[in-house]
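Have a look at the structure below before the remarks.
2 protein chains.
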Amino acid sequence: MRSAERRATLADVAARAGVSKSLVSLVMRDEPGAGVATRRRILEAADELGYHPDSRARLLRSGRSRLLGVVFGIQHDFHGDLVTDLYTAARETGYEVALSAVTPGRDEREATAGLLQDRCEALILLGPQEPTASLARLATRLPVVVLARSVRDPAVDVVRTADAEGLRQAVDHLVRLGHRAIVHIDGGRAPGAAERRRGYRDAMRSHGLDGYARIIPGGLTEEEGAAAARVLLDDVPTAVTVFNDRCATGVLDVLARHGRAVPGDVSVVGYDDSRLARLAHVDLTTVAQDAVTMTRLAVGRAIDRIEGAAVARREVVVPPRLVVRGTTAPPLH
Amino acid sequence: MRSAERRATLADVAARAGVSKSLVSLVMRDEPGAGVATRRRILEAADELGYHPDSRARLLRSGRSRLLGVVFGIQHDFHGDLVTDLYTAARETGYEVALSAVTPGRDEREATAGLLQDRCEALILLGPQEPTASLARLATRLPVVVLARSVRDPAVDVVRTADAEGLRQAVDHLVRLGHRAIVHIDGGRAPGAAERRRGYRDAMRSHGLDGYARIIPGGLTEEEGAAAARVLLDDVPTAVTVFNDRCATGVLDVLARHGRAVPGDVSVVGYDDSRLARLAHVDLTTVAQDAVTMTRLAVGRAIDRIEGAAVARREVVVPPRLVVRGTTAPPLH
DNA sequence: GGGTGAACCTGGAACGTTCCAGACTGTGCG
DNA sequence: CGCACAGTCTGGAACGTTCCAGGTTCACCC
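Protein chains in written order, with the UniProt record's numbering: chain A, 1 to 333; chain B, 1 to 333.
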């Protein structure tokens with residue numbers, strides 16, 4: 001069943017190849033300084049013994065972990081997308097990603113504590129809900145990069161989308177289609193909600209639609225979207241912009257159940273371009289956050305901080321991009 | 001900004017408290033063998049220095065990692081639920097959970113490789129798609145527990161739901177409501193699909209409804225559910241059992257868009273009782289997999305194997321439970 | 001008053017790496 | 001011929017823990 005033998009170590013490989021530990025170490029790390037013949041011999045020996053370096057010992061000695069800690073919400077589809085791209089962004093950098101999930105039974109403090117224990121060299125937090133002060137305290141211990149939320153603290157790096165701009169694009173699109181009664185379903189205290197709200201207000205104003213502007217409390221879950229949509233049923237606008245895709249899903253669902261055609265009766269715009277929105281049967285017009293760019297920037301920024309490189313701006317704002325799909329169309333009346 | 005000082009070590013604490021490293025180590029691990037006064041003094045010193053044990057060194061020396069590696073699909077809602085419960089199941093055991101995600105750009109091999117590098121002592125795989133042979137090979141290196149899939153290999157532990165029984169319960173429920181034309185939307189090659197299919201067939205037969213039995217190819221995603229539902233529109237049954245909740249969501253969506261009332265025109269039953277199903281606006285009748293029990297069993301089993309305890313059965317089958325919600329009702333005609 | 005434990009504490013050797021200083025070749029050059 | 005130098009390679013000291021074999025102290029008992 002399980003192989004009972006002790007794992008092979010550097011010393012074992014060295015003995016078998018008839019060289020010193022140091023040289024094996026060198027070869028394993030692909031550093032120059034070993035002859036080509038010896039190198040091959042060592043690699044063979046390692047292979048025969050099934051040697052795999054022990055990262056604990058390695059990290060202990062080198063004093064580094066080359067680990068980027070990532071805290072994400074396991075229930076957030078968009079976080080899933082970000083994690084996916086974080087893995088690829090980290091792939092070529094020589095750093096690895098260590099995941100720690102926020103769940104209904106495991107808060108951010110616990111999630112970050114776990115990563116600190118593992119000696120991550122930097123933390124990347126996806127849309128954290130912790131107050132700025134806590135994040136600032138964390139940032140005194142190691143570099144912290146916050147993704148998809150704005151944090152005003154000189155010690156915390158931020159990579160986020162220009163959320164206000166995103167909502168402006170959404171409203172512009174709807175207005176161009178001929179909509180005037182455009183309602184915004186809001187994200188409350190969620191990261192980014194305030195700015196999206198502001199973007200909506202400004203955009204409505206700039207189109208001279210102040211009178212139509214209307215904000216309904218929503219949230220970041222399907223539930224909250226559904227609740228908001230039910231409120232809407234009494235007095236249906238021709239278009240809705242929603243805080244995020246997940247919430248928009250709830251809206252779509254309630255509208256469908258009450259016989260309101262989308263986009264016939266109501267146009268709906270989401271936010272995030274998460275997996276959800278891209279599904280063929282949802283086909284949601286949405287504001288895409290450029291996850292690939294954001295994750296690449298976040299990883300780069302974290303590594304810069306770790307390696308002490310000069311960092312120009314503490315906050316990087318990535319432009320959003322409206323993705324027009326099937327849930328928006330000109331109003332019928 | 002970042003505190004430049006070196007981290008405090010055992011030796012620092014020992015020096016400050018005026019005792020030996022060994023004693024500090026002891027106290028930090030909460031082992032007996034230190035006087036109450038000294039203990040307090042040491043804890044104080046540690047606190048003042050902001051000492052946190054270095055897990056790398058600790059694990060290196062003790063030869064153990066106390067880490068349970070968990071491989072999960074980041075896009076699977078039900079996996080999210082399982083991860084949530086795995087964390088709580090592990091909380092009291094002295095073992096920790098290390099997460100490794102399967103994403104569109106990162107396959108299971110890569111995910112497990114990462115965990116092996118971290119020296120996890122056992123692996124818990126959520127609904128893995130890898131062939132039995134690969135899993136068996138993995139199991140020669142360390143204990144492997146597969147969750148929510150059946151694997152016929154003497155070296156691999158399995159904790160799964162009695163899937164056939166689940167579908168039987170679903171069909172029984174529908175028949176009791178008066179349905180006869182009950183269609184099953186299938187999961188194809190997904191883990192568990194074959195057994196659910198079998199459960200459906202057997203249940204239909206045992207109710208003498210062979211003639212009505214009809215299986216439509218589906219899958220495990222919303223997309224595939226939606227596609228299956230569109231096929232169904234030509235010849236709508238009065239009830240549908242669906243491979244999983246995620247797929248059922250796609251079904252519900254297409255039905256709603258085509259003006260079919262649920263449960264008025266069609267009753268729908270999902271599988272998993274994932275977060276999705278519990279959402280108030282979805283309110284899906286579904287077959288619950290007992291995630292709490294399953295995760296607890298999986299963690300317990302993994303630890304038993306690690307610690308060499310005798311293990312009675314290689315496979316544990318947990319009974320499912322039908323959760324009746326709002327998507328099932330008697331047929332109208 | 002000597003012996004016996006228990007209770008408390010210490011020193012130093014591991015664990016498997018990396019890093020550093022230096023040793024040994026052989027080659028090219030003045 | 002002697003010297004410098006690059007290219008290889010070695011030995012041993014870290015890294016921060018845990019573990020083990022012991023060393024003290026002190027109360028208690030005969």
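Ideal Cβ positions, reconstructed from N, Cα and C, are used throughout, including at glycine.
What three-state label does DSSP hand Arg-56(A) in the structure shown? Here residue 56(A) refers to the residue found at position 56 when the first sequence is read from its first residue. Here Arg-56(A) sits in helix by DSSP.
Please classify Gly-114(B): does DSSP put it in a helix, a strand, or coil? Translated into positions along the second sequence, residue 114(B) becomes position 114. Of the three classes helix, strand and coil, the one that applies to Gly-114(B) here is helix, per DSSP.
Straight-line CA distance for Val-240(B) to Leu-116(B)? Stepping through the second sequence from its first residue, residue 240(B) is reached at position 240. Stepping through the second sequence from its first residue, residue 116(B) is reached at position 116. Rounded to the nearest angstrom, the two C-alpha atoms are 42 angstroms apart.
Closest by C-alpha distance to Gly-187(A), when choosing among Ala-227(A), Thr-103(A) and Ala-11(A): Here residue 187(A) is taken as the residue at index 187 of the first sequence, counted from 1. With distances taken between Cα atoms, Gly-187(A) lies closest to Ala-227(A).
Count Cβ pairs between the region 182-201 of chain B and the region 243-260 of chain B that sit closer than 8 angstroms; are there 3 or more? yes
Closer than 8 angstroms is the cut-off here; do at least three beta carbon pairs connect the region 245-260 of chain A with the region 218-226 of chain A? yes
Anticipated Cβ contact below 8 angstroms, Ala-329(A) with Pro-237(A), distance rounded: Here the question's residue 329(A) lines up with position 329 in the first sequence. Here the question's residue 237(A) lines up with position 237 in the first sequence. 14 angstroms between Cβ atoms; not a contact.
Using the beta-carbon of each residue, which ones in chain A are nearer than 8 angstroms to Arg-66(B)? Mapped onto the second sequence, residue 66(B) falls at position 66. By Cβ distance, chain A contributes nothing, its closest Cβ being about 11 angstroms from Arg-66(B), past 8 angstroms.
Please name the residue, chosen from Leu-177(B), Arg-301(B), Ala-288(B) and Thr-9(B), that lies closest to Val-156(B) on a Cα-to-Cα basis. Reading the second sequence from its first residue, position 156 is the one you call residue 156(B). Residue Arg-301(B) is the option with its Cα nearest to Val-156(B).
Go ahead and label Ser-3(A) buried or exposed: buried means 16 or more other beta carbons lie within 10 angstroms of its beta carbon, across all protein chains shown. Position 3 of the first sequence holds residue 3(A). Here the model assigns Ser-3(A) a pLDDT of 41, short of 50, so the residue's position is not dependable and the matter cannot be decided.
Taking 6 angstroms as the limit between beta carbons, can you name the residues of its chain near Ala-17(A), skipping five residues before and five after? Translated into the one-based positions of the first sequence, residue 17(A) becomes position 17. Excluding residues within five positions, the ones whose Cβ falls inside 6 angstroms are Arg-41, Ile-42 and Ala-45.
Chain A contacts from the region 100-129 of chain B (Cβ-Cβ distance under 8 angstroms): Ser-100, Ala-101, Thr-103, Pro-104, Gly-105, Arg-106, Gly-114, Leu-116, Gln-117, Asp-118 and Arg-119
Please confirm if Asp-54(B) has its CB atom under 8 angstroms from at least one CB of chain A. Residue mapping note: residue 54(B) aligns to position 54 of the second sequence, counting from 1. Chain A contact via Cβ: present.
Cβ neighbour criterion (16 or more within 10 Å) applied to residue 334(A): Since the displayed chain A opens at 1 and closes at 333, residue 334(A) lies outside it and no answer follows.
Kindly identify the DSSP beta-bridge partner or partners of Leu-99(A). Reading the first sequence from its first residue, position 99 is the one you call residue 99(A). Note: Leu-99(A) sits in a beta bridge opposite Val-70(A) and Leu-99(B).
Return helix, strand or coil for residue 380(B), following the three-state DSSP convention. With chain B covering 1 to 333 only, the question about residue 380(B) has no answer from this structure.
To the nearest angstrom, report how far apart Val-231(B) and Val-287(A) are at their CA atoms. Within the second sequence, residue 231(B) is the residue found at index 231, counting from 1. Within the first sequence, residue 287(A) is the residue found at index 287, counting from 1. Val-231(B) and Val-287(A): Cα-Cα distance of roughly 31 angstroms.
By how many angstroms is the C-alpha of Ser-22(B) removed from the C-alpha of Gly-15(B)? Counting from 1 along the second sequence, the entry for residue 15(B) is found at position 15. Counting from 1 along the second sequence, the entry for residue 22(B) is found at position 22. The displayed chain sequence assigns Ala, not Gly, to residue 15(B). Cα-Cα distance, rounded: 12 angstroms.
Helix, strand or coil at His-79(A) according to DSSP, with G and I counted as helix: As a working mapping, residue 79(A) is identified with position 79 in the first sequence. Of the three classes helix, strand and coil, the one that applies to His-79(A) here is helix, per DSSP.
Looking only at DSSP bridge pairs, what is Leu-126(A) linked to? As a first step, residue 126(A) is located in the first sequence; it is residue number 126 there, counting from the start. Leu-126(A) pairs with Leu-147(A).
Give me the chain B residues within the contact set of Ile-74(A), using Cβ-Cβ distance strictly less than 8 angstroms, ordered along the chain. One-based indexing of the first sequence puts residue 74(A) at position 74. Gly-80, Val-83 and Thr-84, listed in chain order.
Beta-carbon neighbours of Glu-223(B), restricted to chain A and to distances below 9 angstroms: Here residue 223(B) corresponds to residue number 223 of the second sequence, with the count starting at 1. Ordered by position in chain A, the residues that pass the 9 angstroms Cβ test against Glu-223(B) are Leu-279, Ala-280 and His-281.
His-258(A) to Leu-233(A), Cα distance in whole Å? For this step, residue 258(A) is matched to residue 258 along the first sequence. For this step, residue 233(A) is matched to residue 233 along the first sequence. If you take the alpha carbons of His-258(A) and Leu-233(A), they lie about 8 angstroms apart.
I'd like the ranges of any alpha helix (DSSP H) spanning at least 4 consecutive residues and lying wholly in the region 132-194 of chain A. 132-141 and 163-177
Using the C-alpha atoms, what's the distance from Thr-293(A) back to Arg-180(A)? Within the first sequence, residue 180(A) is the residue found at index 180, counting from 1. Within the first sequence, residue 293(A) is the residue found at index 293, counting from 1. Taking the straight line from one Cα to the other gives about 33 angstroms.
Going by C-alpha distance, which of Arg-313(A), Ser-150(A), Arg-314(A) and Gly-326(A) is nearest Arg-278(A)? Within the first sequence, the letter at position 278 stands for residue 278(A). Ranking the options by Cα distance to Arg-278(A), first place goes to Gly-326(A).
Where the beta strand (DSSP E) containing Glu-92(B) begins and where it ends: Here residue 92(B) refers to the residue found at position 92 when the second sequence is read from its first residue. First-last for Glu-92(B): undefined, no H or E at that position.
In chain order, which beta strand (DSSP E) runs of at least 3 residues are fully inside the region 225-297 of chain A? 239-242, 267-272 and 285-288
Have a look at Ala-194(A) and Ala-229(A) and give me their C-alpha separation to the nearest angstrom. As a working note, residue 194(A) is residue 194 in the first sequence. As a working note, residue 229(A) is residue 229 in the first sequence. Cα to Cα, Ala-194(A) sits roughly 20 angstroms from Ala-229(A).
Which first and last residues belong to the beta strand (DSSP E) in which Val-19(B) is found? In the second sequence, residue 19(B) corresponds to position 19, counting from 1. Note, Val-19(B): premise wrong, no beta strand (DSSP E); not H, not E.
Any heavy atom of the ligand MG closer than 7 angstroms to the Cβ of Arg-189(A)? Judged by which ligands are present, the structure shown has none, so any question about the ligand MG falls away.
Counting C-beta neighbours from all protein chains within 10 Å, is the total for Ser-100(B) 16 or more, i.e. buried, or is it exposed? The residue labelled residue 100(B) in the question sits at position 100 within the second sequence. So Ser-100(B) counts as buried.
Short of 9 angstroms Cβ to Cβ, which residues in the region 259-293 of chain A face chain B? Gly-259, Ala-261, Val-262, Arg-275, Leu-276, Leu-279, Ala-280, His-281 and Val-282
Could you tell me whether the Cβ atoms of Leu-82(A) and Ala-291(A) are closer together than 8 angstroms? Here residue 82(A) corresponds to residue number 82 of the first sequence, with the count starting at 1. Here residue 291(A) corresponds to residue number 291 of the first sequence, with the count starting at 1. Yes; because the gap between Cβ atoms is below 8 angstroms, this pair is in contact.
How big is the Cα-Cα spacing for Gly-127(B) and Leu-138(A)? As a working note, residue 127(B) is residue 127 in the second sequence. As a working note, residue 138(A) is residue 138 in the first sequence. For Gly-127(B) and Leu-138(A), the distance between alpha carbons rounds to 36 angstroms.
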